[in-house]
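Please read the structure below before turning to the comments.
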Amino acid sequence: MMKRSLFKSPAIAILGLLLAGGCNPDNPQSILVASGPVAQRQLDLFNLLLWAVTIIFVLVCGWLVYTVIRYRRKPGQGIPEQVHGNTKLEITWTVIPALLLAAVAVPTVAAQFYITEPPAGSDQMRIEVTGHQWWWSVVYPDSGVVTANEIRVPVGKAVVVDLTAEDVIHSFWIPKLAGKIDVVPGKTTSMWFQADEPGEYLGQCAEFCGESHAWMKFRVIAQSPEEYEAWTQAQLADAPQPATEAETTGAQLFITKACIACHKIEGVPAAAGVIGPNLTHVASRTAIAAGVLDNTEENVRAWIKDPSEFKPGNIMNRDGLAYTNPQFALNEDDLNNLTAYILSLK
Amino acid sequence: MEHGRHPAHPTPMTYLKVAAILAIVTFIEWAIFFAPESMDSIKLTVFSVLSVMKFALVVMFYMHLKFDERLFSMFFVGGLTLASGVIIALLVLFQALL
Amino acid sequence: MEHTEAAPHAEHATTTGIDHRKMLIWAFLGSECMFFGSLIATYLVYYGQSISGPGPADVLDINTTTVSTFVLLMSSLMMVLSYSAISKGDVKRFRVWILCTAILGSTFLGFQFFEFTEFAHHHQEFECPPALDRPAQYPDTACMDGATHYEANYGLTPRTNLFGSTFFTLTGFHGAHVTVGVIWLLSLFGYSFRRRGEDLIRDGGLNVDLAALYWHFVDIVWIVIFTVVYLIGVTVA
Amino acid sequence: MATIAGVFSRPTRPTGIWAWISTVDHKKIGALYGVTAFVFFLVGGLEALIMRLQLARAEHGIVSAEVFSQLFTMHALTMIFLAIMPLSAAFFNLVVPLMIGARDVAFPRLNAFSYWVFLLGAFILQTGWIVGSSPNTGWFAYAPLTAESFNPSKGMDFYVVGLGVLGVSSVAAALNFIITIINMRAPGMTLMRLPVFIWMTLVTSFLLVTAMPVITVGLIELYMDRTFGMNFFNVDAGADVILWQHLFWVFGHPEVYILILPAMGIISEVLPTFSRKPLYGYPVVVLSGITIGFMGWAVWSHHMFTVGLGPIANSVFAITTMFIAVPTGIKIFNWIGTLWGGSVDLKTAPLFAIGFIFLFIVGGLSGVMHAISPSDAQQQDTYFIVAHIHYVLFGGSIMAVFAGIYYWFPKATGRLLSERVGKWHFWLTMLGMNLAFYPMHFLGLDGMVRRNYTYPEGMGWDFWNMVSTIGAFILGFATLIFVHNFFRSLRKGEISGDDPWDGRTLEWSIPSPPPEYNFAVIPTVHGRDAFWEQKHGSGHGVHAPAGGAYDHDEGHGIHMPSPSILPLITSLGLGIAGYGLVYSFPVAILGAAITMFGTYAWSMEPATAPDEH
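Residue numbers (the working numbering), protein chains in the order written: chain A, 1 to 346; chain B, 1 to 98; chain C, 1 to 237; chain D, 1 to 613.
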């Protein structure tokens with residue numbers, strides 16, 4: 001909090017405006033307020049550098065402007081003294097920056113090691129995240145929970161994330177919790193983060209990965225350990241059976257319209273696809289379409305109707321029979337029923 | 001056209017000697033290759049040394065770098081060093097150093 | 001081959017006393033080092049990373065390649081001899097040696113062509129799997145009548161695996177350089193018949209010198225490829 | 001002998017368009033480079049403006065996601081390869097022989113060849129706009145997004161072949177300038193008397209010659225994968241797609257210095273002239289330029305801090321990157337040292353140079369912030385980086401290019417650019433530049449990812465995006481002012497005379513515009529800043545080439561290389577081969593045959609037609 005007040009201090013308003021003052025730390029993806037130790041460590045370094053470069057900027061540019069004003073050519077001025085250099089001065093302004101940089105190198109290297117792995121002996125858990133064009137699948141190997149685009153974690157626990165990609169390179173980034181790491185097909189990279197306070201943290205793919213790169217988002221939801229445990233248990237259950245007529249029809253449509261080719265729903269044996277997100281408990285998520293749309297009836301319906309309206313080039317539109325084969329096309333009733341079924345998958 | 005600093009080139013006899021060494025070294029390499037497997041660990045070193053030797057002989061005598069302008073050596077060795085540096089750096093980064 | 005590019009008066013009065021073109025070829029060779037260096041780096045980074053075979057030990061034949069290496073090394077000898085001849089004004093000897101160089105270079109290319117085709121059609125003996133493990137459409141009937149081994153195509157093409165891609169690209173680009181070299185040498189050979197080779201003799205054989213430097217460079221690149229890809233490559237595998 | 005290979009008769013004393021097509025004169029080639037590059041600069045700027053319009057508001061629908069991908073890819077490729085690099089090449093061509101007291105470059109026809117190959121490579125790269133599929137993966141083209149399976153459009157093929165052809169042009173030009181600088185200096189011009197611009201040209205040329213082959217290999221591998229189904233970046237075959245990134249950045253980082261070192265060279269000429277003092281600490285400035293070029297090879301992985309190379313590799317590259325700030329800082333201090341105690345004439349050229357220092361400090365300092373690998377994990381791929389690269393490439397390279405244009409325009413044309421319009425140009429550029437790019441720092445820190453074609457409301461990005469768009473349009477307007485100034489001054493500008501700025505280097509000792517042969521008498525050099533010494537110096541008996549000599553000697557007896565059509569033909573073959581590699585192999589073979597024919601004819605053609613005099 002100390003650092004935050006520094007930014008807002010009126011005494012440095014001008015400098016602040018020049019440097020980071022244009023930012024509002026309350027913005028959902030601002031890196032200027034950290035909510036976990038990794039992001040905090042990165043922010044501390046950033047702040048250190050910010051102040052260092054601010055001072056250097058003021059000194060050097062001040063010197064530049066002063067020089068230009070003071071030595072402006074005056075009418076009738078003759079040829080100035082032809083100075084070729086000054087060895088002592090030049091050595092000084094070589095050595096001082098070198099020393100400053102050497103001083104910065106120490107915390108840099110220390111932080112680089114810190115952000116790579118959580119401290120030994122800390123309370124840890126692991127998750128596995130896979131990047132797809134343009135969504136994320138999430139697996140909790142310890143409990144067996146499988147979900148997508150929404151990562152629930154308990155507060156105060158170090159979460160080690162092992163990442164890989166299904167297709168092209170992506171990058172996994174939750175600004176308020178930790179800096180990004182690339183998600184590379186054929187390799188596993190890893191990073192860790194920890195949320196210190198409960199809340200919802202926005203994340204997004206940071207490496208250009210094709211047409212809908214801009215819409216490859218996700219959320220991290222940090223909860224108390226009890227809430228997290230309850231969530232885990234709920235996720236492990238099979239999908240609820242359809243209750244209303246609309247839901248039952250929707251459940252059948254889910255099979256007959258070939259949604260099952262790509263989507264898995266635990267408890268529905270036919271629905272075992274692995275190309276798209278696991279939908280067993282899709283209704284329990286706060287958002288759909290990889291964090292793009294809030295999970296409301298209106299949005300679910302609009303998304304099923306025409307995914308490309310929200311995500312140009314997406315694979316569901318490209319390959320799904322409901323969109324490519326007129327025999328499988330969805331009419332208005334189908335949309336209503338499917339929406340009802342999806343929203344029943346709490 | 002002659003310019004004052006035309007380097008003194010070796011005679012055809014030298015060329016023949018170099019060729020003989022090159023041929024012999026290639027034969028040795030061939031022989032070592034079929035040596036027993038127990039020698040595999042030192043084979044790599046020997047191959048590398050022999051290869052560098054052949055390389056250097058051709059560069060120094062056939063390309064006359066030993067007798068020619070230092071500038072040429074700078075161009076060539078510069079490119080060679082940089083290329084080696086890139087190869088080694090990549091092997092280290094991919095943790096593929098043999 | 002080339003007439004000097006420089007303004008005529010500057011020709012004899014360069015700052016360093018070195019001919020422009022000779023400096024050009026050396027700077028160019030420095031650049032070529034980076035080119036082949038990057039190709040070799042790719043080869044090494046991918047060494048042993050192929051998911052499927054065949055690998056270096058399956059297809060590479062050290063005997064054949066030792067001979068082709070020897071051929072290329074000897075072509076370098078012919079090359080220096082032809083340069084030595086032209087710098088003494090001996091056009092006739094020059095013609096003999098440069099033709100020899102070109103022929104040896106072409107022989108090397110022939111070897112490479114043979115090698116490439118051979119790799120693509122490479123057959124290897126495999127142990128017959130136990131009858132129960134055989135897939136339904138087992139391709140080879142050889143194992144049917146109680147044989148323990150059968151022979152099958154185990155060829156390497158640029159598309160087969162990582163090794164194939166890196167190998168053919170590296171050696172292929174070397175081969176392309178040799179091809180350019182052979183064309184260059186033959187052009188010089190033809191050129192020596194014009195005005196009895198006066199143009200070649202005139203600047204101390206500089207035109208031949210340039211081709212020679214290029215030729216030897218291609219030769220030393222092969223020395224590295226032979227060691228890295230063939231000798232060490234097969235030994236480690 | 002005047003008939004080449006029996007087909008093309010050699011153009012003699014050509015005029016009109018033919019004079020440009022067959023020219024081997026470095027000044028004309030420089031002008032061709034300059035005009036072509038500036039046209040592409042405008043094209044790249046237009047692409048940027050469309051993108052800024054799209055991003056001005058949340059969920060704006062001006063262009064589709066696909067078109068936006070093509071726009072940001074082509075904006076980078078156009079600005080880097082078709083604007084800044086050839087603008088540098090334009091200065092190399094226009095200035096290098098004049099500064100070192102030479103009559104032309106070492107290989108005049110190769111020089112023309114470089115230009116034509118550049119032009120054809122540029123066409124290939126831009127073909128996508130005509131056929132509707134430009135490269136769309138970002139200029140860095142990370143595998144495997146570039147693979148056929150993910151990217152079947154021809155766009156990536158134009159990328160591969162276009163960059164390959166441009167590489168040929170760059171290497172040929174760079175070799176030419178290396179030889180020219182080492183081998184064609186006027187008597188007495190030792191290496192430590194070379195103007196700093198020449199030094200930076202030399203370092204840049206060495207970087208080009210060594211860096212281009214690396215990307216060429218990467219491009220070849222990508223081409224093999226896409227065209228022949230090879231496996232270089234095929235994960236299923238065991239390939240490591242990170243290899244592309246290494247090959248790309250091993251080239252890409254030296255490339256950054258290829259873009260900025262010529263700019264630093266220009267600044268090092270402009271500042272001493274307009275403060276009437278020699279460059280402060282010349283040896284150190286030269287040495288730091290060489291150091292930057294050399295260290296440029298040891299820092300490439302800082303573009304890959306988030307790839308997961310591991311903490312050791314990241315730390316090593318973080319430290320090497322930080323220390324590259326030392327030689328850069330030295331240059332800045334020495335430039336200010338040059339101004340200190342001088343008599344600073346604030347004409348437009350030095351204004352741009354001072355603007356360069358100011359903006360480059362901002363970009364350089366944010367560069368140091370990126371070098372800190374742990375916090376770079378937050379900044380990487382956000383608008384914070386976009387801000388940084390525009391401060392160094394626009395605030396750096398382009399500002400220096402403008403400084404250079406205002407500085408040397410009178411030498412090239414004999415007329416001055418309007419100072420009054422120039423001041424407007426400068427201040428509007430400064431305003432637009434900072435308004436367009438400074439807010440991007442804020443956007444990056446607020447978490448806006450780069451290369452997103454749009455963004456939702458409620459992220460706090462709307463305001464600064466709008467400001468940035470307004471800034472971009474001011475910048476565009478400022479550039480139009482410059483274009484106006486350029487064309488107006490070309491026809492009506494004040495006559496400059498030979499030496500309007502009281503220049504220090506040899507190009508100011510000859511008429512403006514220079515005669516075809518540059519120097520009637522090759523000057524003898526007795527010190528650094530040769531021409532200044534001659535005018536104000538300690539009375540060395542420098543041979544005075546200017547004045548009377550030119551009035552009486554119209555260049556008779558000076559043999560200049562004759563015009564030749566063969567560079568164009570040879571490069572045309574390359575261009576045809578390039579399109580052939582994209583569309584059809586028989587065409588590629590035809591192109592190769594034309595190139596071969598051109599090479600033969602070229603090698604048989606004397607540099608100077610004997611029957612000309």
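Even glycine gets a Cβ: it sits at the ideal position worked out from N, Cα and C.
Item: Simplified DSSP assignment, three categories, for D:V344; Value: strand
Item: Same chain, Cβ closer than 7 Å to D:D157, five either side skipped, listed in chain order; Value: R226, V582
Item: When A:R41, A:A222, A:E226 are compared against A:F113, the one with the closest alpha-carbon; Value: A:R41
Item: Nearest-angstrom Cα separation, counted from B:L44 out to C:C143; Value: 39 Å
Item: Interface residues of chain B facing C:S76 [CB-CB closer than 7 Å]; Value: V58, Y62
Item: Backbone secondary structure at A:P185 - three-state DSSP; Value: strand
Item: Host beta strand (DSSP E) of A:Y71 (start-end); Value: It is not in any beta strand (DSSP E) - A:Y71 carries neither H nor E in the DSSP assignment.
Item: Residue range of the alpha helix (DSSP H) that includes D:A588; Value: 585 to 604
Item: DSSP state of C:T157 mapped onto helix, strand, coil; Value: coil
Item: Distance CB(C:T215)-CB(C:M34) smaller than 8 Å; Value: For clarity, residue 215 of chain C is Trp in the given sequence; the question names Thr instead. No, the Cβ-Cβ distance between C:W215 and C:M34 is not below 8 Å.
Item: Environment of D:G547 [buried if 16+ CB atoms lie within 10 Å]; Value: Because D:G547 carries a pLDDT of 39, less than 50, the predicted location of this residue cannot be relied on, and no value is offered for it.
Item: Interface partners of D:R185 on chain C, CB under 7 Å; Value: T15
Item: 9 Å Cβ cut-off: residues of chain A touching D:H536; Value: I79, Q82
Item: Proximity test, Cβ basis, 8 Å: A:E211 and chain D; Value: yes
Item: Assigned exposure category for D:L222 - 16 Cβ within 10 Å defines buried; Value: buried
Item: For A:V129 and A:L163, believed in contact at Cβ under 8 Å, the rounded distance; Value: 5 Å
Item: Residues bridged to D:A143 [DSSP beta-bridge criterion]; Value: According to DSSP, D:A143 bridges with nothing at all.
Item: Cross-chain neighbours of C:H149 in chain D, by beta carbon under 9 Å; Value: Under the 9 Å cutoff, chain D gives no residues; its nearest Cβ is about 28 Å from C:H149.
Item: Host alpha helix (DSSP H) of C:H177 (start-end); Value: 162 to 191
Item: C:H216: contacting residues in chain B (beta-carbon distance under 9 Å); Value: V58, V59, Y62, M63
Item: Backbone secondary structure at A:M125 - three-state DSSP; Value: strand
Item: Touch test, the segment 51 to 66 of chain A against the segment 194 to 201 of chain A, Cβ-Cβ under 8 Å, three pairs minimum; Value: no
Item: Cβ neighbour criterion (16 or more within 10 Å) applied to C:H149; Value: exposed
Item: Sequence-distant residues of the same chain with beta carbon closer than 8 Å to D:H552, five excluded per side; Value: Residue placement at D:H552 is flagged as unreliable, the pLDDT there being 41, under the threshold of 50; a coordinate-derived value is accordingly withheld.
Item: Inter-residue Cα distance where the pair is D:A102 and D:P561; Value: 13 Å
Item: Proximal chain C residues relative to B:V86, where beta-carbon distance stays under 8 Å; Value: M34, G37, S38, A41
Item: Distance CB(C:L206)-CB(C:D19) smaller than 8 Å; Value: yes
Item: DSSP-derived helix/strand/coil call for D:P545; Value: Any reading at D:P545 must be qualified, since the residue scores a pLDDT of 44, below 50, and its modelled position is unreliable; the value itself is stated next. If DSSP states are grouped into helix, strand and coil, D:P545 belongs with coil.
Item: Inter-residue spacing [alpha-carbon to alpha-carbon] between A:I270 and A:I315; Value: Note on identity: in this sequence residue 270 of chain A is Ala, with Ile being the wrong assignment. For A:A270 and A:I315, the distance between alpha carbons rounds to 21 Å.
Item: is_contact[D:H552, chain C] using C-beta, thresh 8 Å; Value: Summary for D:H552: the model assigns pLDDT 41, below 50, so the residue's position carries little reliability, and this model does not support an answer.
Item: Between the CA atoms of D:L261 and D:V449 - distance to the nearest angstrom; Value: 29 Å
Item: Through-space distance from D:T204 to D:A588, alpha-carbon basis; Value: 32 Å
Item: Bridge partner(s) assigned by DSSP for A:K272; Value: Note that residue 272 of chain A is Ala in the sequence shown, not Lys. In the DSSP output, where bridge partners are listed per residue, A:A272 has A:K264.
Item: Residues near A:K88 by beta carbon distance below 7 Å, same chain, minus five either side; Value: none
Item: Integer-rounded CB distance, given that D:G396 should sit under 8 Å from D:I266; Value: Between D:G396 and D:I266 the Cβ distance is about 11 Å, and since that is not below 8 Å, they are no contact.
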